[in-house]
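Q: Line by line, the protein sequences are chains A and B.
So in this note's numbering, the last one in the first sequence is 318, and the numbering has no gaps at all.
So in this note's numbering, the last one in the second sequence is 576, and the numbering has no gaps at all.
Backbone N, C-alpha and C fix where the C-beta goes; we use that ideal spot for every residue, glycine too.
Pasting a structure below so you can have a look.
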Amino acid sequence: MYAVETQNLVKQYGKTQALKGLDFIVNEGEIMVLLGPNGSGKTTLLMILATVLKPTSGTAKVMGIDVAKYPTRVRQILGISFQDARGFWRHKPAEILRFHAAMCGVKKSERDDLINRVLKEMELWDARNKLFMQLSGGQAKRLEVAKILVQNPKFAIFDEPSSQVDLRGKRTIWEKILELKEKGATLLVATNEVREAEYLADRVTILENGKNIVCDTVQNLKDKIAGGDIVELELEHVENDSALQDELAKIPGTVKLAALQEDKFKIYVSMAEAWVPKMTSLCYERNIRVSSVRVTEPSLDDVFLSFTGKKLETTENA
Amino acid sequence: MLDVLRVVWFDLKHELYPPVWIGLQWFSFSIQIFIYGAIISQLVNIPSIGSYQMFYAVGFMVMMTFDVGSHAGREFVEAAHEGRLPYLLSLPISRSKLFLSIALKGGLELALMLLVPFTIVLSLIGNLTVISVLAAALALFFLGFGVAGLMLGLSFIAFKSSDLYVAITTGLSALLIRFSTVLYPLFYLAQAQPGYATVARFSPLTYGADLVHLFLGFNPNLFLNASIAIAVLTGLAVSTLGLGIFLLGRLVEGVKSG
């Protein structure tokens, strides 16, 4: 059984189709990151899985339960941290968490200790009795995540969990998300932050215009980019060795070779880890000493660019 | 049922700590009745209704009921746009229980708002039976639920444009209050301005105001037939609340942000 399974999922808002026949799978116990620019359909998908929105057509199942047919059952096993933590302006963090815990069935005898612990862990203890409207953007976001920590659901959804949060706050949130996974939860995280995706993801799904473009582990996605790895090779005492350049260019993983200087090359390679030994042994066979090898992996931004033809940051700003 | 009460209390308590808004409503009612009502009753003289201040007090209470009812409907739309509704929709509670909690919260809010005005009106009028007091209270609740349901039924407009929703509900509220028998009995309107009286028959407030006046002991000849008024109010409350349940269960979805 998959934690999430959607088949040909469509969501239409008037004339706009936010999801266009989406097929999507999340395995139990993994962290799946949805990567895509604003408007790509991430939030719509999350809202459908959380039973807040209804699909126009197609099916979506959470832990094998159809979200359209049995929404209340889905809500009993799922927790969601919304993108915009708003709406309870005159409530205080502690009472918001108390209400959430009670609604999600946390035992009364455990509630206070649990909430106090989570408030401290999420650095909200000093703000626990402030009104929600007096919280900073980062505090409000941490409170949104704290709701999930109090609930401890089997399946948790995070919609841009660390946007508007400072670097320290991001780390705290990411660590807590990883802790949830260690406890056995399945997590679905939507983000347009590459660093967040790389830090958290077991697998990444790239969404664009309501469609699933590609889904795989971060490493496999990077490896799928032809010439995505960059090997900077610096040699000693080489003078215009065109034969060596030809040999290096013929290595199967090499996509492009650029000679920066007579003894310095920039080689665009697919799966550098497989071909760098071949490069160094070629040099060795020609009695050329390698003074340095530096391998740079592509970022998820490069992966996004490779699969969609657009930079993630550019599309976000568009 | 505990879940329903939890949602009601969570939503209601921030209005009670401190109860500024409720206190202001009570204060405003007292000012209206004891100062403005006393002055206007010197100017208005309709022999068949006795003291106009009493009639005005009951009418003003009906207007408050309308305001609280429409506020409940508007609050629902606000909740959708601010993100509170998506959160409530994501809680492990059925849609019907959620709707019940919204309706209960509206009812309790109405009861709190009317607590002091209703007590003032009863003490001003005096000499009432328990049955007539209960019947008047029930009529006010039916009116409140009906108006809240009406505003909720119009909430689908807000999902297209909240500005349009505010414009329509504000305009509709003004029309429903102005063209009603809240402040003047229908027979008087029919004599003074027949066209106005005809339009007033289409306002739900007319039926609410007439019933409450009637139950609180005013001259029955001044008002619409009680059975028709009861039927209209019941029909309004049941149909609009039914529409509310339908909208929440089938159509209303949290407004997607981002």
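#1: I need the boundaries of the beta strand (DSSP E) containing TYR268/A, first residue and last residue.
#2: If the cut is a Cβ gap below 8 Å, which residues of chain B does PHE265/A touch?
#3: Nearest to ALA3/A by alpha carbon, out of ILE65/A, ALA258/A, MET47/A, GLY36/A?
#4: Beta-carbon within less than 7 Å of LEU431/B's beta-carbon, same chain only, minus the 5 sequence neighbours each way: which residues are those?
#5: Classify VAL448/B: buried if its beta carbon has 16 or more other beta carbons within 10 angstroms, exposed otherwise.
#6: Please identify, using Cβ separations under 7 Å, the residues of the stretch 77 to 99 of chain A that lie next to chain B, in order along the chain.
#7: How about ALA454/B and LEU334/B: are their beta carbons less than 7 Å apart?
#8: Flag this pair as touching only if the stretch 550 to 557 of chain B and the stretch 519 to 535 of chain B have three or more C-beta atom pairs under 8 Å; answer yes or no.
#9: Does VAL165/A have its Cβ less than 7 Å from a Cβ in chain B?
#10: Between the alpha carbons of LEU45/A and LEU300/A, how many angstroms are there, rounded?
#11: Does any C-beta atom of chain A lie closer than 7 Å to the C-beta of PRO337/B?
#12: Tell me whether LYS256/A sits in a helix, a strand or coil according to DSSP, three-state version.
#13: Out of LEU565/B, ALA549/B, LEU561/B, PHE541/B, state which residue places its alpha-carbon closest to the alpha-carbon of ILE367/B.
#14: Just reading off the beta strand (DSSP E) that LEU423/B is part of, what are its end residues?
#15: Please give the ranges of any beta strand (DSSP E) in the stretch 44 to 100 of chain A, keeping only runs that are unbroken, at least 3 residues long and fully inside the region.
#16: Do you know how far the Cα of LEU35/A is from the Cα of VAL353/A?
#17: Does the structure place the stretch 63 to 82 of chain A close enough to the stretch 402 to 410 of chain B that three or more beta carbon pairs sit under 8 Å?
#18: Taking ALA127/A as the query, report the chain B residues whose CB atoms sit under 8 Å from its CB, ordered along the chain.
#19: My understanding is that LYS384/B touches ILE495/B, with C-beta atoms under 8 Å, so please give their C-beta distance in whole angstroms.
#20: Would you list the residues sitting across from LEU233/A in a DSSP beta bridge?
#21: Going by the beta-carbon positions, is the gap between PHE155/A and ILE213/A smaller than 7 Å?
#22: Where does GLY21/A sit, in a helix, a strand or coil, going by DSSP?
#23: State the beta-bridge partners of THR191/A as determined by DSSP.
#24: Where does the unbroken beta strand (DSSP E) through ASN8/A begin, and where does it stop?
#25: Can you look up ASN287/A in the DSSP assignment and give me helix, strand or coil?
#26: Take GLN17/A as the anchor and find which of LEU178/A, ASN116/A, GLU28/A, LYS42/A has the nearest alpha-carbon.
#27: Below 7 Å on C-beta distance, what does SER412/B contact in chain A?
#28: Would you decide whether ASN8/A is buried or exposed? Buried here means 16 or more other CB atoms lie within 10 Å of its CB.
#29: Is the beta carbon of PHE373/B within less than 6 Å of some heavy atom of the ligand GDP?
#30: Would you grab the beta carbon distance between LEU468/B and GLY391/B for me? Rounded to a whole angstrom, and I think it's under 8 Å.
#31: Interface residues of chain A around ARG324/B at Cβ under 7 Å?
#32: Could you check what DSSP says for ASN539/B in three-state terms: helix, strand or coil?
#33: What's the gap between the Cα of LEU507/B and the Cα of VAL517/B?
#34: I'd like to check one pair, ASP166/A with ALA190/A: are the Cβ atoms closer than 7 Å?
#35: Could you give the residue range of the alpha helix (DSSP H) that holds LEU559/B?
A: Looking at the atomic coordinates:
#1: 264 to 269
#2: Chain order gives no chain B residues near PHE265/A, where near means a beta carbon separation below 8 Å; the closest approach is about 45 Å.
#3: ILE65/A
#4: According to the sequence displayed, residue 431/B carries Met and not Leu. ILE340, GLN343, MET382, VAL386.
#5: exposed
#6: ILE80, PHE82, GLN83, ASP84, ARG86, GLY87, PHE88, ARG90, HIS91, PHE99
#7: no
#8: yes
#9: no
#10: Approximately 21 Å between the Cα atoms of the pair.
#11: no
#12: strand
#13: PHE541/B
#14: The sequence given here has Lys at residue 423/B, not Leu. Not the beta strand (DSSP E): LYS423/B falls in the alpha helix (DSSP H), residues 413 to 443.
#15: Entirely contained in the stretch 44 to 100 of chain A, the beta strand (DSSP E) runs reaching 3 residues are, in chain order, 57 to 62, 78 to 81.
#16: Residue numbering for chain A in the displayed model covers 1 to 318; residue 353/A lies beyond these limits and cannot be assessed.
#17: yes
#18: Result: empty, since nearest Cβ-Cβ is about 17 Å, beyond 8 Å.
#19: Per the sequence shown, the amino acid found at residue 384/B is Phe instead of Lys. About 6 Å separates the two Cβ atoms, so the contact holds.
#20: PHE265/A, VAL293/A
#21: no
#22: strand
#23: LEU35/A
#24: 4 to 13
#25: coil
#26: LYS42/A
#27: THR72
#28: exposed
#29: This structure simply doesn't include the ligand GDP, nor any ligand for that matter.
#30: 7 Å
#31: PHE99, ALA102, MET103
#32: helix
#33: 11 Å
#34: no
#35: 544 to 564 is the extent of the alpha helix (DSSP H) around LEU559/B.
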